[in-house]
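Novice:
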Amino acid sequence: MTCCCPVTWTIVAVAGYVIYRFLSKKNKEPEILEKEWKKDVVYLYQFPPAKTVRNLSPYCMKLEAFLRIYDIKYEVRDVIMKRSRHGLLPFVELNGEHIADSQIIQERLKQHFKTPKLAPKDEGAAAAVERLVEHHLAYLMYKFKVLNNLDQSVEVFVKPLTPDWLWPLARCLAKPVMKHKISKKLNVCLGDFSNADCEMLLRRDFNAVRDVLGSNKFLGGDKPTAVDATVFGHFAAVYYVNIASLPKTLLDTEYSVIREYLDRVRDLLFPKDFTTSS
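Following the numbering used here, the numbering of the sequence shown begins with 72 at its first residue and continues without gaps.
#1: Looking only at C-alpha atoms, which of Leu165, Ala171 and Arg330 sits nearest to Tyr114?
#2: Which of helix, strand or coil does DSSP assign to Val298?
#3: Could you tell me how far apart the beta carbons of Lys124 and Ala308 are, in whole angstroms, since I believe they sit closer than 8 Å?
#4: Between the alpha carbons of Leu127 and Gln117, how many angstroms are there, rounded?
#5: Tell whether a beta-carbon distance below 8 Å holds between Met212 and Pro318.
#6: Just reading off the alpha helix (DSSP H) that Arg139 is part of, what are its end residues?
#7: Can the beta-carbon of Leu351 be found closer than 8 Å to that of Leu290?
#8: Please confirm if the segment 125 to 145 is in contact with the segment 295 to 307, defined as three or more CB-CB distances below 8 Å between the two stretches.
#9: Rounding to the nearest angstrom, what Cα-Cα distance links Thr79 and Gly158 in this structure?
#10: Can you check whether the CB of Ala209 is closer than 8 Å to the CB of Pro129?
#11: Go ahead and label Ser297 buried or exposed: buried means 16 or more other beta carbons lie within 10 angstroms of its beta carbon, across all protein chains shown.
#12: Which of the three DSSP states is assigned to Gly292 in this structure?
#13: Leaving out five residues before and five after Tyr311 in sequence, what residues of the same chain have Cβ atoms less than 7 Å from its Cβ?
#14: Indicate whether Ser316 and Lys216 have their beta-carbon atoms separated by less than 8 Å.
#15: By the three-class DSSP mapping on this structure, what secondary structure does Asp268 have?
#16: State the beta-bridge partners of Glu325 as determined by DSSP.
#17: Under a Cβ-count criterion, where at least 16 other Cβ atoms within 10 Å of its own Cβ denotes burial, should Val259 be classed as buried or exposed?
#18: Measure from the alpha carbon of Val172 to the alpha carbon of each residue in Phe184, Pro187, Leu180 and Ser155, then state which is nearest.
#19: How many Å lie between Asp299 and Leu321 at the Cα?
#20: Whole angstroms is fine: what's the gap from Glu107's alpha carbon to Glu168's?
#21: Quick check on the burial criterion: 16 or more other C-beta atoms within 10 angstroms. Buried or exposed for Cys75?
#22: Specify the secondary structure class of Glu164 as computed by DSSP and reduced to three states.
#23: Taking the alpha carbon of Val280 as the reference point, which residue from Pro191, Tyr332 and Arg148 has its own alpha carbon closest?
#24: Answer with buried or exposed for Glu205, where buried requires no fewer than 16 other C-beta atoms within 10 angstroms of its C-beta.
#25: Please classify Leu115: does DSSP put it in a helix, a strand, or coil?
#26: Reducing DSSP to helix, strand and coil, say where Asp344 ends up.
#27: What is the DSSP secondary structure of Ile170, counted as helix, strand or coil?
#28: Is Tyr311 helix, strand or coil by DSSP?
#29: Grouping DSSP H, G and I as helix and E and B as strand, with all else coil, what is Asp338?
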């Protein structure tokens, strides 16, 4: 005997829709959300803050760090379902214009606000570090943080956005969806490597960041610059989040130089936005 309970199927449908909306991309041309915008104020649309970290998204954290480094006036708009024209967060609005993708946003803001430039050699080094972190190391850390620890990841990423009554079912549905989407993305962007090979590559990238930093306070010298925003955003989204992972363990045990650097950036830019308990 089977039971086709309408309530059960309604819950399944709602849970599936919430997870789909949260994990899928939309490519609709967006409207300007801030109708009464103020000149040269950046409206930053991002995920709501988390318990132990300013934002769970490294790209959201990177952009807000960038805005604080250069003292650019901005206002945060915490959103969950809103997305950019590329179907992602964060995005910004500036003087009535929608700007999407954190890399494009950062470059456009540099041009508009005429942020200070480094010496040509230092600019080249900074660009190389940013590319290393954003297009290689970020995927390695994501693999170890999320794909290798789906139970904790679902708790951290999905539960805060899910009504309590829906959570038991959402938890079951979210894991296979996340695993499929993340595995597919990592296989394209990184490669289908073993954990051992990924650890080898992770250590190589950690060594590169540590060596570029050297004895400097920040990657560009005595003051933080755009590259620090990028590097901090990606590392902070691993180290300060309550998910056990290999990158987090390595930062605590073998890469204290990078860990201390992260604390410096955090204390300078986000002195009140991080906590030590969940």
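Yeah, the Cβ is synthetic: ideal placement off N, Cα and C, and Gly gets one too.
Specialist: By the coordinates alone:
#1: Leu165
#2: helix
#3: It should be noted that the sequence gives Val, not Lys, for residue 124. Their Cβ separation, rounded to whole angstroms, is 7 Å, which keeps Val124 and Ala308 in contact under 8 Å.
#4: 10 Å
#5: yes
#6: Pro129 to Ile140
#7: Since the displayed the chain opens at 72 and closes at 349, residue 351 lies outside it and no answer follows.
#8: yes
#9: Annotation note: pLDDT 38 at Thr79 (below 50); position unreliable, no value reported.
#10: yes
#11: The identity of residue 297 in the sequence shown is Ala, whereas the question assumes Ser. Classification of Ala297: buried, given that the 10 Å Cβ count is 16 or more.
#12: strand
#13: Thr123, Val124 and Phe345
#14: yes
#15: helix
#16: DSSP lists no partner for Glu325.
#17: exposed
#18: In the sequence as displayed, the identity of residue 172 is Asp instead of Val. Taking only the C-alpha atoms, the option nearest Asp172 is Ser155.
#19: 20 Å
#20: 12 Å
#21: In this predicted model, Cys75 has a pLDDT of only 39, less than 50, meaning its place in the structure is not dependable; the value taken from the coordinates is given anyway. Flag for Cys75 reads exposed.
#22: strand
#23: Tyr332
#24: buried
#25: strand
#26: coil
#27: strand
#28: coil
#29: helix
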